[in-house]
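Report on one structure; see the data block that follows.
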Amino acid sequence: RALALLESEPFDLLIVDLQMPRMDGLQVLAIARRKYPQLRLMVLTAQRDEQFRTRAYAMGVDQYWLKPESDQEIALLMEAIESLLTRAQEGGFRGVQSKSLVDIIQLECLSQSSCVLKINNGTVEGKIWIQKGEVIDAELPDLTGEAAFQRILSWKAGSFEILPADPSRPRSIFTSYQGLLLNTAQALDEAASLPSPEAVATAEGKVKEVSSTAPLLAELSQLEGVECVLAIDDGKAEFEHYWGLENPKPLAAWARATLQQFRQLGDQLQVGNLTQVVAAGPDRKLALAVCGGTQLCVGFPPSFSTDEVRETMKQVLTKWAS
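Set out below in structure tokens:
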């Protein structure tokens with residue numbers, strides 16, 4: 002019936018299930034792509050087998066979606082449909098999405114997709130590999146991994162297309178896609194706020210190395226499991242000393258806000274002074290504590306148990322206090 006309707010009047014978008022009673026969904030896709038090359042195609046299926054996704058993308062579908070199971074997934078699916086319809090109305094090249102690259106990465110990861118995003122910025126081509134909803138690698142002619150990912154997302158314009166998955170691609174990025182997008186956004190904000198090289202050169206004639214003023218951090222870094230250290234003056238908004246961090250400002254802001262919230266909670270519950278906070282994330286465990294007039298934030302690998310974090314923090318606080 003759908004193919005008959007396509008014969009009778011023009012349509013912008015065809016949504017196909019792979020399992021249908023009379024005809025295989027892939028057959029419908031093949032017919033639609035051959036007879037209606039400008040028609041946007043979306044697969045909406047319960048099939049999680051990667052071979053179906055690969056075959057569908059090879060046939061030229063615009064998007065491949067698993068049937069949504071939550072309100073959030075339904076909302077994302079509706080956005081994707083709206084995006085495809087907008088593209089059809091505005092024209093343009095196939096494979097060029099009206100949404101941002103960040104939006105597409107989020108859509109692909111939230112839907113647990115496996116694919117390769119090929120992005121072109123003028124004559125420069127970049128690729129981002131997504132495997133089962135996680136970004137596993139990125140590549141430019143002169144960069145790979147997270148550095149390439151950040152460079153690609155810094156592009157202001159360009160076009161991209163979604164290619165079939167490449168399961169053989171070795172993984173070089175182990176940060177979650179949420180962490181990657183957050184780190185990239187922070188890096189871009191940081192770069193935008195930096196003064197020009199001329200302004201830096203005329204300010205004092207030299208660059209101040211913050212981390213070099215804290216030799217104690219080098220000693221703390223020798224403790225087992227310690228991946229990074231951030232020391233903040235309890236009465237100031239700026240960080241003082243850090244080790245193991247490329248961009249300490251976002252972590253400093255989070256540490257100060259978290260300690261303040263837990264202090265307020267302690268006051269409300271009347272349970273005494275806050276001694277320590279341990280936070281667990283997919284990429285790192287963080288411990289927060291106050292020593293004298295300094296707030297300390299120490300990072301540990303996610304494999305570290307809470308007891309191991311607390312035991313190491315005793316050594317950190319002892320060394321800092323001494």
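Residue numbers (this note's numbering): 2 to 323. For each residue, glycine too, the CB sits at the ideal point set by N, CA and C.
Collapsed DSSP secondary structure at residue 311 in the structure displayed: Locating residue 311 in the sequence shown gives position 310, where the first residue counts as 1. Here residue 311 sits in helix by DSSP.
Unbroken stretches of the beta strand (DSSP E), 3 residues or longer, contained in the stretch 231 to 290: For the stretch 231 to 290, whole beta strand (DSSP E) runs of length 3 or above, ordered along the chain, are 240 to 244, 277 to 281.
Paired residues, beta bridge with residue 184 - DSSP: By one-based count along the sequence shown, residue 184 stands at place 183. Answer is none; residue 184 lacks a bridge partner.
Per-residue DSSP class, three states only, for residue 104: Sequence index remark: in the sequence shown, residue 104 carries index 103 (1-based). Look at residue 104 here: in three-state DSSP terms it is helix.
Buried versus exposed, by CB contacts within 10 Å (16 or more), residue 6: By one-based count along the sequence shown, residue 6 stands at place 5. Residue 6 comes out exposed.
Check whether residue 251 and residue 187 have beta carbons under 8 Å apart: What you label residue 251 is simply residue 250 of the sequence shown in a count that begins at 1. What you label residue 187 is simply residue 186 of the sequence shown in a count that begins at 1. In contact: residue 251 and residue 187 (Cβ atoms closer than 8 Å).
Burial state of residue 300, where buried means 16 or more other Cβ atoms lie within 10 Å: Your numbering for residue 300 matches position 299 in the sequence shown. By the Cβ-count criterion, residue 300 is buried, with 16 or more other Cβ atoms from all chains shown falling within 10 Å of its own Cβ.
Sub-8 Å separation of residue 139 and residue 174 beta-carbons: For this step, residue 139 is matched to residue 138 along the sequence shown. For this step, residue 174 is matched to residue 173 along the sequence shown. With respect to the 8 Å criterion, residue 139 and residue 174 are classified as neighbours on the basis of their beta carbons.
Residue interval of the beta strand (DSSP E) (run including residue 405): In the structure as shown, the chain starts at 2 and stops at 323, and residue 405 therefore has no counterpart that could be examined.
Beta-carbon contacts of residue 228 that lie in its chain and below 7 Å, excluding the five residues immediately before and after: Locating residue 228 in the sequence shown gives position 227, where the first residue counts as 1. Excluding positions up to five away in sequence, the list reads 245, 285, 300, 301, 302.
Identity of the residues DSSP links to residue 44 by a beta bridge: Locating residue 44 in the sequence shown gives position 43, where the first residue counts as 1. Within the DSSP bridge table, the entry for residue 44 names 17, 65 as partners.
Identified DSSP bridge partners for residue 25: Against the sequence shown, residue 25 aligns to sequence position 24. BP columns for residue 25 are empty, so no partner.
Candidates 264, 231, 81: closest to residue 324 by CA position: Only positions 2 to 323 of the chain appear in the structure, and residue 324 is not among them; the question remains open.
Rounded separation between residue 55 and residue 3 - CA only: Locating residue 55 in the sequence shown gives position 54, counting from the first residue. Locating residue 3 in the sequence shown gives position 2, counting from the first residue. Cα to Cα, residue 55 sits roughly 23 Å from residue 3.
Residue 293, buried or exposed, once every other Cβ within 10 Å from all chains shown has been counted against 16: As a position in the sequence shown, residue 293 is number 292, starting the count at 1. By the 10 Å Cβ count, residue 293 comes out exposed.
Proximity test, residue 132 beta-carbon vs the ligand NAD heavy atom, cut-off 7 Å: Judged by which ligands are present, the structure shown has none, so any question about the ligand NAD falls away.
Top-ranked residue by Cα proximity to residue 122, from 113, 162, 322, 44: Counted from its first residue, the sequence shown places residue 122 at position 121. Ranking the options by Cα distance to residue 122, first place goes to 162.
For residue 287 and residue 226, the rounded distance between their alpha carbons: Counting from 1 along the sequence shown, the entry for residue 226 is found at position 225. Counting from 1 along the sequence shown, the entry for residue 287 is found at position 286. Taking the straight line from one Cα to the other gives about 11 Å.
Rounded C-alpha distance that separates residue 52 from residue 130: Translated into the one-based positions of the sequence shown, residue 52 becomes position 51. Translated into the one-based positions of the sequence shown, residue 130 becomes position 129. One C-alpha to the other measures close to 17 Å.
Euclidean distance between Cα positions of residue 319 and residue 280: One-based indexing of the sequence shown puts residue 319 at position 318. One-based indexing of the sequence shown puts residue 280 at position 279. Across the structure, residue 319 and residue 280 are spaced so that their CA atoms are roughly 21 Å apart.
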